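This report concerns only the one structure given below.
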Amino acid sequence: MIAISSDHAGFDLKTEIIEFLDRKGYQSKDFGTCDKNSVDYPDFGLAVAEAVASGECESGIIVCGTGIGISIAANKVPGIRAALCTNSFMAKMARQHNDANILALGARVTGSGLALDIVDTWLQTEFLGGKHKIRIDKISSIENKYHK
């Protein structure tokens with residue numbers, strides 16, 4: 039199950055991504071927002087991050103105007119590695135090297151065609167482990183140091 043949310047700026051792109059996921063056979067759970075009325079992105083980044091961190095959902099996709107704010111908010115939740123990706127290479131590296139469990143996108147900076155390609159790449163790419171696992175463990179150690 040893929041958790042997905044957006045603020046008002048990302049609503050249209052989020053809708054396109056949900057339709058894309060459906061066509062590809064992925065199950066998703068929409069954590070809002072439900073329209074283009076102004077909302078606060080931290081609320082929606084948090085909802086997806088908590089769903090992923092708790093194990094309710096395996097991964098997540100979050101969208102705001104630039105992807106910056108919503109990814110910062112999501113990354114405050116222990117265990118979350120939200121990666122803002124603006125191209126498919128970044129999406130591939132986010133999964134292979136960083137084991138990103140949430141993909142962040144900016145609806146105002148990434149067109150829908152590219153965004154769907156980024157989503158597809160991110161979903162199809164596996165974490166490589168090995169030396170990258172050691173680095174992820176170091177990130178977890180930093181997180182544990184400050185999140186007690």
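The sequence shown begins at 39 in our numbering and counts up one residue at a time.
Note that the Cβ used here is the ideal one computed from N, Cα and C, for glycine as well.
Quick caveat, the model's predicted, so the values are computed rather than measured.
Using DSSP with H/G/I as helix, E/B as strand and the rest coil, what is Leu166?
Indexing the sequence shown from 1 puts residue 166 at position 128. Reduced to three states, the DSSP call for Leu166 is coil.
Please classify Arg127 as buried or exposed, where buried requires at least 16 neighbouring CB atoms within 10 angstroms.
Here residue 127 corresponds to residue number 89 of the sequence shown, with the count starting at 1. Residue identity differs from the one stated: residue 127 is Phe in this sequence, not Arg. Around the beta carbon of Phe127, a 10 Å sphere encloses fewer than 16 other beta carbons of the protein chains shown; the residue is thus reported as exposed.
Determine whether the beta carbon atoms of His135 and His185 lie at a separation below 7 Å.
Translated into positions along the sequence shown, residue 135 becomes position 97. Translated into positions along the sequence shown, residue 185 becomes position 147. No, the pair does not count as a contact, with Cβ atoms beyond the cut-off.
Below 7 Å CB to CB, which residues in the same chain sit around Glu88 once its five sequence neighbours on both sides are set aside?
Locating residue 88 in the sequence shown gives position 50, counting from the first residue. Listed in chain order, the non-local C-beta contacts of Glu88 below 7 Å within the same chain comprise Val115, local neighbours out to five positions each way being set aside.
Along the chain, where does the alpha helix (DSSP H) that runs through Ala91 open and close?
Walking along the sequence shown from the start, residue 91 turns up at place 53. For Ala91, the enclosing alpha helix (DSSP H) covers residues Tyr79 to Ser92.
For Asp68, three-class secondary structure by DSSP:
Looking up residue 68 in the sequence shown gives position 30. Three-state result, Asp68: strand.
Pairwise C-alpha distance: Phe49 and Asn139
Position 101 of the sequence shown, counting from 1, holds the residue named residue 139. Position 11 of the sequence shown, counting from 1, holds the residue named residue 49. Looking at the backbone, the Cα of Asn139 and that of Phe49 are separated by about 21 Å.
Using the DSSP secondary-structure output, state which residues sit across from Val101 in a beta bridge.
Within the sequence shown, the letter at position 63 stands for residue 101. Bridge partners of Val101: Ser44 and Leu143.
By the 10 Å Cβ neighbour count, where 16 or more other Cβ atoms means buried, how is Lys183 classified, buried or exposed?
In the sequence shown, the residue the question calls residue 183 occupies position 145. Answer is exposed; the Cβ neighbour count stays below 16.
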